[in-house]
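These notes concern the structure reproduced below.
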Amino acid sequence: MTEVLMPRLAELTPNGSAYLNEADFRQPDFKEVFYGPNYAKLESIKAKYDPFNLFYAVTAVGSDYWEPQEDGRLCKAKHSDMKVPTAEDL
């Protein structure tokens, strides 16, 4: 689907859109395709309201702070500068 069907649909609907839960969660360029030039602004808003990146979805803003593991757990991404909450923060 990601490699065959989605490019064809994109050709038919230039600048098309979808709800986050309807879009292809395997979209390799999800930041550009789903959010376009708004991603940086959305990332700064997310940092304000979710400073520890607790809210997660595969293609959501800030999802690259996490790496899904084979067993389904999420681990902090190696390249991440994500803050880790302390007991005082919670």
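To convert, count from 1 in the sequence shown and add 4; that's our numbering. Using N, Cα and C, we set each Cβ at its ideal position, and we do this for glycine too.
Taking the Cα positions, Lys82 is about 10 Å away from Asp68. When beta bridges are read from the DSSP output, Pro72 appears opposite Leu78. For the pair of segments examined, the region 34-52 was found to touch the region 60-67: the number of CB pairs separated by less than 8 Å reaches three. Take Thr6, set aside five residues on each side of it, and the residues of its chain with a beta-carbon closer than 8 Å to its own are Asp28, Arg30, Gln31, Pro32, in chain order. In the three-state DSSP reduction, Val65 falls in the coil class, being neither helix nor strand. When the five nearest sequence neighbours on each side are left out, no beta carbon in the same chain lies closer than 8 Å to the beta carbon of Asn42. By the criterion of a C-beta distance shorter than 7 Å, Lys87 is surrounded in its chain by Pro55, Phe56, once the five residues flanking it on both sides are discounted. When rounded, the separation of the alpha-carbon atoms in Gly76 and Pro89 is 22 Å.
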